[in-house]
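Read through the structure below, which is laid out as structure tokens, and then see the notes.
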Amino acid sequence: LFNPAAERITGKSSAEVLGKDDSFLFGPAEAAAVMDCDRKVMAAGAVTTYEDVLTTATGETVTFLSTKGPVFDAKGKPYGLFGISRDITERKSMEQSLRKSETFLKQAQVIAGMGSYVLDIATGCWTSSEVLDDIFGIDKTFIRSVEGWALLIHPDCRENMNHYFINEVLGKHERFDKECKIIRKTDGAVRWVHCEGELQFDDQHRPVKMIGTIMDITDRKQGEEERARMEE
1004 LFNPAAERIT GKSSAEVLGK DDSFLFGPAE AAAVMDCDRK VMAAGAVTTY EDVLTTATGE
1064 TVTFLSTKGP VFDAKGKPYG LFGISRDITE RKSMEQSLRK SETFLKQAQV IAGMGSYVLD
1124 IATGCWTSSE VLDDIFGIDK TFIRSVEGWA LLIHPDCREN MNHYFINEVL GKHERFDKEC
1184 KIIRKTDGAV RWVHCEGELQ FDDQHRPVKM IGTIMDITDR KQGEEERARM EE
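In terms of this note's numbering, the sequence shown has 1223 at position 220, counting the first letter as 1, and numbering is strictly consecutive.
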């Protein structure tokens, strides 16, 4: 028994599918896979949810999120199946596009030596990209808090960075744009980074979040220092 949505997707009416099996709706291989899944649901005697990629009567490839379960008689014996399938083709396509975008972004960050972060102003907690984790030499166990951030900043720059962020960025709502030294946690190496960030505000123009990037510029800074020594 089909509802109008199922009739539209398969191109078959309830009257047409009455008494037919899945081979009437799909190709041999797909029909066999659907029927095999149906047998497993009947054998388990429990409701099951899974994804199906099937080709409809119109030749369109559609991804379904299907929930199926057995129907029992008065004696508790399963004699049929009920099923609800939702077309999630568009959602799956969007997920695939997002994964491609994320992969491209990660590759771009690796090539540029640039990581990204999001800072929650109220809590002081921040999240970071994998590339930024590599720059800082931190892993998933590192506590991403204001205190944790301060420990990564080199002592020579810590006070200046703190004053700049509180008074200029938060106080005057200026764009975050600063170079400083950090101490990489994994090996204690001193690295130069260029930090940038844009504040986001609530309806009352209070800063609630900062999104930005941090680039490793150690090679550039070392080159500048070497040129300065040579000139001197």
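Just so it is clear, CB atoms sit at the ideal spot from N, CA and C, and this is done for glycine as well.
Report task. Could you check how far apart the C-beta atoms of S1132 and S1119 are, in whole angstroms? I think they sit under 8 Å. Result -> 5 Å
Query raised in the report: What's the C-alpha gap between S1083 and E1054?
Result: Here the sequence assigns Gly to residue 1083, which means Ser is not the residue at that position. If you take the alpha carbons of G1083 and E1054, they lie about 20 Å apart.
Report task. Since I believe K1212 is in contact with V1134 (beta carbons under 8 Å), could you give me their beta-carbon distance rounded to a whole number of angstroms? Result -> That pair is no contact at about 20 Å.
Requested in this report: My understanding is that M968 touches P1081, with C-beta atoms under 8 Å, so please give their C-beta distance in whole angstroms.
Outcome: Since the first residue shown for the chain is 1004 and the last is 1235, residue 968 is missing from the structure and cannot be characterised.
Report task. Below 8 Å on the Cβ atoms is my guess for G1215 versus G1200; work out the distance and round it to an integer in Å. Result -> 3 Å
Requested in this report: Return the first residue and the last residue of the beta strand (DSSP E) that V1196 is part of.
Outcome: Going by DSSP, V1196 is part of the beta strand (DSSP E) stretching over V1193 to F1204.
Query raised in the report: Between K1184 and C1198, is the Cβ-Cβ spacing less than 7 Å?
Result: no
Report task. Closer than 7 Å by C-beta to V1193: which residues in its own chain qualify, once you throw out the five before and the five after it? Chain order, please. Result -> H1157, K1184 and I1186
**Report entry** Beta-carbon spacing of T1066, K1095 below 7 Å
**Finding:** Their beta carbons are under 7 Å apart, which means T1066 touches K1095 by this criterion.
**Report entry** Cβ shell of A1153 (< 8 Å), same chain only, five flanking positions each side left out
**Finding:** R1161 and N1165
Query - Given V1056 as reference, the closest of I1217, V1037 and E1010 once Cα atoms are compared - result: Out of I1217, V1037 and E1010, V1037 has the C-alpha closest to the C-alpha of V1056.
Query raised in the report: Hey, how far is the Cα of G1086 from the Cα of G1048?
Result: Approximately 14 Å, taken between the alpha carbons.
Query raised in the report: Going by beta carbon distance, what residues of the same chain come within less than 7 Å of G1151, once the five residues before and after it are set aside?
Result: F1145
Query - Residue environment, I1138, which counts as buried when at least 16 other CB atoms sit within 10 Å - result: I1138 should be labelled buried.
**Report entry** Collapsed DSSP secondary structure at K1071 in the structure displayed
**Finding:** strand
Requested in this report: Assign R1147 to one of three DSSP states: helix, strand, or coil.
Outcome: Three-state DSSP puts R1147 in coil, outside helix and strand.
Query - Span separating the alpha-carbon of G1030 from that of R1011 - result: 18 Å
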